[in-house]
Every structure is written in C-alpha cells, then in structure tokens.
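Participant: Just dropping this structure here.
In our numbering, the protein residues as written are 116 to 346.
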C-alpha cells in the first residue's frame with residue numbers, strides 16, 4: 116500500500132509540475148504584473164501538490180501503525196508457480212517500522228496421515244538476496260500446512276497472519292528400467308514415496324499409430340499399498 120501511495124503522490128506531483136511549467140511558458144511575454152501572478156499561482160500549485168503527497172504518506176503511516184500492527188493484507192502467501200508441490204512464497208511489506216523482522220512458521224496439519232510421515236514444524240527467515248521475500252521450501256507434496264507470519268520486535272512476537280494451504284500433489288516418476296513393454300501391453304511400476312499424499316491417480320492412454328485418445332482412468336490411492344502398478 117505504501118508503494119501505491121508513493122506512486123500516486125509522485126505522479127500527482129509530476130503532472131501538476133508539468134502543467135504549471137507549460138502555463139508559465141505560454142505567459143512568458145505578458146506584463147510584469149501578469150508574470151508575477153503566474154509565478155505566485157505556480158508556487159501555490161506546487162505547494163498544494165506537495166501537501167497532497169505528504170498527507171498521503173502520513174495517512175498510510177497512521178494506518179500501518181494502528182494498534183501497533185500491520186494489516187494482514189500487507190502480506191501475500193502463495194504457492195511458487197515453478198514448484199507448487201513443495202515451495203511457498205511469502206511477500207513482505209515494502210516498508211515498515213513496527214517490527215525488526217518477520218518469520219514464517221509452518222505446521223503440518225494434514226488429516227488422517229501417520230505421524231511417521233508428518234512433516235516437522237519449521238521456521239523460515241527472509242532471503243539474504245531479497246529482504247522482502249520468505250521462501251518456504253522442501254514441503255511435502257499433497258500435505259496441508261498452517262502458515263503463520265510472525266513479526267518480532269526485540270523479545271516480543273506477534274502473529275500477523277495465518278493461512279491453511281494444501282500443496283499440489285506430485286505425479287510419481289516411473290523408472291525406465293521398471294517399464295515392461297510387449298506387443299499388446301505396457302506395465303508401469305514404481306515404489307511410491309511414502310511422504311507424498313494423494314487421493315487418486317489419473318492415467319491417460321494414447322495410441323500413437325494411428326493417433327487415438329482414450330478416456331482418462333482414475334485410480335484411487337491406497338495409502339497402505341507401497342507399490343503402484345499400472346497396466
């Protein structure tokens with residue numbers, strides 16, 4: 116929000132300044148009294164534009180420090196588009212004075228899974244190369260997490276935002292050496308990663324010559340079954 120206010124203030128200031136200069140140039144050959152009046156008007160317009168910019172920033176500062184907390188809307192928590200199954204991106208406010216730094220804490224709250232595959236609780240700090248970004252990485256595909264954004268000031272901590280996010284599932288990778296191909300049949304085999312959580316698998320069959328597509332086959336997952344075989 117601070118960035119928006121600043122951009123708006125700068126834009127307003129530049130527009131007013133350019134209009135004032137154009138007006139001053141067009142009246143440069145008027146009488147001394149007219150020139151003096153134009154200069155006074157230019158000064159007033161610049162003063163008004165500057166007052167608008169200051170008022171906008173003061174208004175934001177008052178909103179940001181209300182109750183000593185930042186608004187939860189100042190933070191953005193989303194899946195990384197490149198790694199939606201294992202990484203989250205937390206965008207932090209552009210400018211703040213309320214806290215020294217921020218922490219992202221993740222807790223695995225996936226329902227109905229064995230404790231042996233539940234992810235450990237972890238905390239993440241802002242990236243060293245980008246102080247406005249926290250990268251929450253190495254999460255488990257298909258798991259559901261509670262993500263808490265915590266602000267720290269000296270020895271005091273405050274929870275500013277909490278979200279529950281389910282990571283995208285990740286399709287198993289079938290090793291080439293475990294693929295059996297015959298004239299009329301193909302069998303794919305893989306040992307499932309026990310830390311991955313999924314409800315079902317969608318299998319698409321396609322004939323190459325001649326080109327022909329078949330309906331999608333949905334295979335429901337059995338958590339206790341470690342091996343996946345598709346024929």
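Yeah, the Cβ is synthetic: ideal placement off N, Cα and C, and Gly gets one too.
The structure displayed is predicted, hence computed values, not measured ones.
Considering only residues of the region 193 to 276, which uninterrupted beta strand (DSSP E) runs meet the minimum length of 3 residues and lie entirely inside it, listed in chain order?
Facilitator: Complete beta strand (DSSP E) runs here, min 3: 203 to 206, 216 to 223, 237 to 239, 245 to 251 and 259 to 268.
Participant: Less than 8 Å separating the beta-carbons of residue 255 and residue 311?
Facilitator: In contact: residue 255 and residue 311 (Cβ atoms closer than 8 Å).
Participant: From the DSSP output, which residues share a beta bridge with residue 315?
Facilitator: In DSSP, residue 315 forms a bridge with 335.
Participant: Any idea what DSSP makes of residue 322, helix, strand or coil?
Facilitator: The answer is strand: DSSP assigns residue 322 an E or B state.
Participant: Under 8 Å by Cβ, that's how I've got residue 216 and residue 267 pegged, so tell me the actual separation to the nearest angstrom.
Facilitator: Yes, residue 216 and residue 267 are in contact; Cβ-Cβ is about 6 Å, under 8 Å.
Participant: At what residues does the beta strand (DSSP E) containing residue 346 begin and finish?
Facilitator: Here residue 346 belongs to no beta strand (DSSP E), and DSSP marks it neither H nor E.
Participant: Tell me residue 279's beta-bridge partners as DSSP assigns them.
Facilitator: Partner(s): 261.
Participant: Alpha carbon to alpha carbon, how far is residue 271 from residue 333? Give it in angstroms, no decimals.
Facilitator: Looking at the two C-alpha atoms, the distance is approximately 50 Å.
Participant: Return yes when the Cβ of residue 240 is within less than 8 Å of the Cβ of residue 218, no when it is not.
Facilitator: Yes. Within cutoff.
Participant: Assign residue 188 to one of three DSSP states: helix, strand, or coil.
Facilitator: The answer is helix: DSSP assigns residue 188 an H, G or I state.
Participant: Measure the C-alpha to C-alpha separation of residue 227 and residue 314 and round it to an integer number of angstroms.
Facilitator: Taking the straight line joining both Cα atoms gives about 12 Å.
Participant: Relative to the C-alpha of residue 237, which residue among 261, 269 and 188 is closest?
Facilitator: Per the Cα distances, 261.
Participant: Touching or not, the region 187 to 200 and the region 278 to 285, by the rule of three or more beta carbon pairs under 8 Å?
Facilitator: Enough Cβ pairs lie closer than 8 Å, so yes.
Participant: Sort 324, 207, 316 and 258 by Cα distance to residue 245 and report the nearest one.
Facilitator: Nearest option by C-alpha distance: 207.
Participant: Under 8 Å between the Cβ atoms of residue 220 and residue 263?
Facilitator: Cβ distance < 8 Å, so residue 220 and residue 263 count as in contact.
Participant: Hey, would you say residue 209 sits closer than 8 Å to residue 250, going by beta carbons?
Facilitator: Result no, Cβ atoms of residue 209 and residue 250 do not sit closer than 8 Å.
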